[in-house]
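Sequential numbering of the sequence shown, starting at 201, is according to the numbering used here. First up is the structure itself, then whatever we jot down about it.
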Amino acid sequence: MDRIRIRGGNRLKGEIPISGAKNSALKLMAASLLTDEPVTLTNMPRLADIGAMTDLLMQFGVNMNVRRGAGLGQSDTMRLHAARIESAFAPYDIVRKMRASFQVLGPLLARHGEAKVSLPGGCAIGARPVDFHLKGFEAMGATIELADGYVLASAKGGLKGTTFEFPFASVGATENLMTGAVLARGRTVLKNCAREPETQDLGRCLIAMGAKIEGLGTSEIIIDGVDRLSGIEYPVMPDRIETGTYIIATAIAGGDVELIGAQASSNGALIGLLEKIGTEVKQTNRGLSVHRNGVRPTAMDVKTDVFPAFPTDLQAQYMALMCVANGTSHIRETVFENRFMHVPELARMGAKIHVDGDVATVTGVETLKGAPVMATDLRASVSLVLAGLVAEGETIVNRVYHLDRGFERLEEKLSGVGAEIERQQA
Ligand code: EPZ
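Encoded structure:
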């Protein structure tokens, strides 16, 4: 199994191209099921999760073509054509590897009137049920049965508009219901919706395909169903979590880095926080410039929450930064119940962290020490890479397949700005 070797201590200088957002691209791919015309997605990231969604969509009979970008910073273009839905079966073997597979339920129900989709089950960061998705589809008139670990959903006469309030502003449930409602009969009013930038990106693409949606980016989304949607060429938004990760990389290692294609607007909470603790982030005409001088960052508390608050997907990376900050900070995770798996691994590198329930108390140390480490999810793994950038000596991050799920060419992007980092093939 591949691993990443890092020798810490280098400042970062140069440019990093930001890829298209994984968590937008996956939902846009699923939305291609809503039309019998071709959907072309540009600025596609090249990631293992995109490969998993490709495998799933091909099972439904979607014709897929990819034009590869030539080098770093040159994204892929993907053409998806769901002329007919040949099967509406999403097997356990694919869904268990990637929970975003569950997002095909809305489009399949809306276009095909039925679907059999494996329940995703729990995962390393928490139980992650799909009850809000299922209750929402039931409210839209679907019949839902659970059998042998599968959801059997049927809406033979089509989904019907309804008013539904999410108990929590779930990203996946909001997006799944949106993609069902665009082809439903009548008006759907969704309350307490996710306002995440990726949810807005999906909504903008659906509107460009002919959907009638109002209220994107607010907690109430109103959708008037239409009879059909058309094909589209649509650019995937820049990845705000990859952006945030490289902002924190620069804050932890020090230096000057320009993130090409990055947007400040989707990273407001992180940027506001880092400016208070000694890292400047400015919008340029090409992206974001990040600058930290030699001064050690100051410790500062953070609480994760739904957008526009601080994202749970940057919590592990921020914790790596707090491990070397001046002072003590408290990091509270409110979105997932078990998202501190990086703590014991950071501790192996000399970090001082105490976890009590949903709060991690981090006492900054002057130096971390390189060590062999591994993590059980994507964002936790990258926090270990960030810690490795500033640790003394060598850090080996094992289980690189987690990183490959969501960070395109991580080691090339970081070595391109001066980090000593390489992939070692098994
Ligand atoms: C999306 O997951 C992202 N994944 C996650 O990114 C991200 O961490 C999360 O949103 C929060 O921002 C994708 O977009 C593919 P939720 P999702 O539904 O949609 C509970 C990454 O690293 N809940 O907003 O699954 C749930 O258990 C990943 O890229 C229910 O109880 O997140 C969780 O505690 C990890 N019932 C909370 O809501 C439901 O039916 C938020 O989950 C649905 C959710």
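Backbone N, C-alpha and C define an ideal beta-carbon position, used for all residues, glycine too.
Who does residue i pair with in a DSSP beta bridge?
i	result
Arg492	Gly455
Ala411	Per DSSP, none; premise fails for Ala411.
Ser529	Val562
Gln483	Leu488
Cys323	Gly326
Gly220	Pro438
Glu537	Glu537 is not bridged to any residue.
Asn263	His281
Met253	Beta-bridge pairing links Met253 to no other residue.
Ala290	Val317
Gln400	According to DSSP, which records beta bridges pairwise, Gln400 is partnered with nothing at all.
Gln624	Arg203
Lys297	DSSP, once it has assigned bridges, lists no residue as partnering Lys297.
Asp577	According to DSSP, which records beta bridges pairwise, Asp577 is partnered with nothing at all.
Phe332	DSSP output for Phe332 lists no bridge partner at all.
Ser354	Glu314 and Thr343
Rounded to whole angstroms, what's the CA-CA distance from residue i to residue j? Just pull it up for me.
i	j	result
Arg211	Gly461	22 Å
Val490	Thr450	7 Å
Arg328	Val582	21 Å
Asn392	Pro367	7 Å
Asn263	Arg311	17 Å
Gly593	Val617	19 Å
Gly417	Phe507	9 Å
Tyr434	Asp427	21 Å
Val600	Ile204	7 Å
Gly306	Ser615	41 Å
Ala394	Thr484	29 Å
Cys523	Thr479	16 Å
Val597	Leu488	28 Å
Ala525	Leu470	16 Å
Leu603	Asp249	10 Å
Ala290	Ala381	20 Å
Gly527	Met519	13 Å
Ala580	Gly564	18 Å
Lys164	Ala591	Given that the chain is displayed from residue 201 to residue 626, the structure contains no residue 164 and the question cannot be resolved.
Ser529	Phe302	36 Å
Asn467	Arg385	36 Å
Leu514	Leu247	19 Å
Glu442	Leu459	10 Å
Leu257	Gly454	42 Å
Phe332	Ser370	8 Å
Ile422	Lys360	13 Å
Val562	Leu521	10 Å
Glu545	Val457	27 Å
Met574	Phe510	25 Å
Arg623	Val351	40 Å
Asp255	Leu334	24 Å
Leu627	Ser419	Since the first residue shown for the chain is 201 and the last is 626, residue 627 is missing from the structure and cannot be characterised.
Note down, in chain order, each residue of its chain lying with its Cβ closer than 7 Å to the Cβ of residue i, except the 5 sequence neighbours on either side.
i	result
Ser336	According to the sequence provided, residue 336 is Gly. The question's Ser does not apply to it. Answer for Gly336: Phe364, Ala373 and Leu377, listed in chain order.
Met512	Note on identity: in this sequence residue 512 is Thr, with Met being the wrong assignment. Closer than 7 Å at the Cβ level, and outside the excluded window around Thr512, lie Thr504, Glu533, Val535, Phe536 and Arg539.
Gly349	Tyr292, Ser318 and Leu319
Thr362	Ala339, Met340 and Thr388
Asp577	Ala324, Ile325, Met541 and His602
Gly431	Thr235, Glu237, Pro238 and Val239
Asn243	Gly220, Ser275, Pro435 and Val436
Val495	Gly478
Tyr446	Ile216, Val457 and Leu459
Looking only at its chain, what residues have a beta carbon closer than 8 Å to the beta carbon of residue i, apart from the 5 residues adjacent to it on each side?
i	result
Arg284	Asp236 and Gly261
Ala408	Ile432 and Tyr434
Gln259	Ser287, Phe289, Ala290, Pro291 and Ile294
Arg296	Ser318, Pro320 and Gly321
Leu383	Leu234, Ala310, Arg311, Gly358, Leu359, Gly425, Val426, Asp427, Arg428 and Leu429
Near residue i, which residues of its chain fall below 6 Å by C-beta distance, leaving aside the five closest residues on each side in sequence?
i	result
Ala315	Ala288, Leu305, Leu308, Leu309 and Ala353
Gly403	Ile413 and Leu416
Thr240	Arg279 and Glu433
Pro572	Ile596
Gly516	At residue 516 the sequence reads Ala, which differs from the Gly that was named. Hits under 6 Å: His542, Arg579, Ala580 and Ser583.
Lys482	Ser489
Thr379	Ala231, Gly306 and Pro307
Gly313	Ala355 and Lys356
Ile206	Gly588, Thr595 and Ile621
Ala300	Leu226
Checklist entry - Does the pairing of the stretch 491-507 with the stretch 542-551 give three or more beta-carbon distances under 8 Å? => result Cβ pair count under 8 Å is below three, so no.
Checklist entry - So does the stretch 556-563 actually touch the stretch 586-598, counting three or more Cβ pairs closer than 8 Å? => result no
Next on the checklist: Using a Cβ distance threshold of 8 Å, determine whether the stretch 268-288 contacts the stretch 214-229, with at least three qualifying pairs required.
Outcome noted: yes
Checklist entry - Would you call the stretch 609-616 and the stretch 460-474 in contact, with 3 or more CB pairs under 8 Å? => result no
Checklist entry - Are at least three pairs of beta-carbons, each pair with one atom in the stretch 388-404 and one in the stretch 223-241, less than 8 Å apart? => result Yes, they touch.
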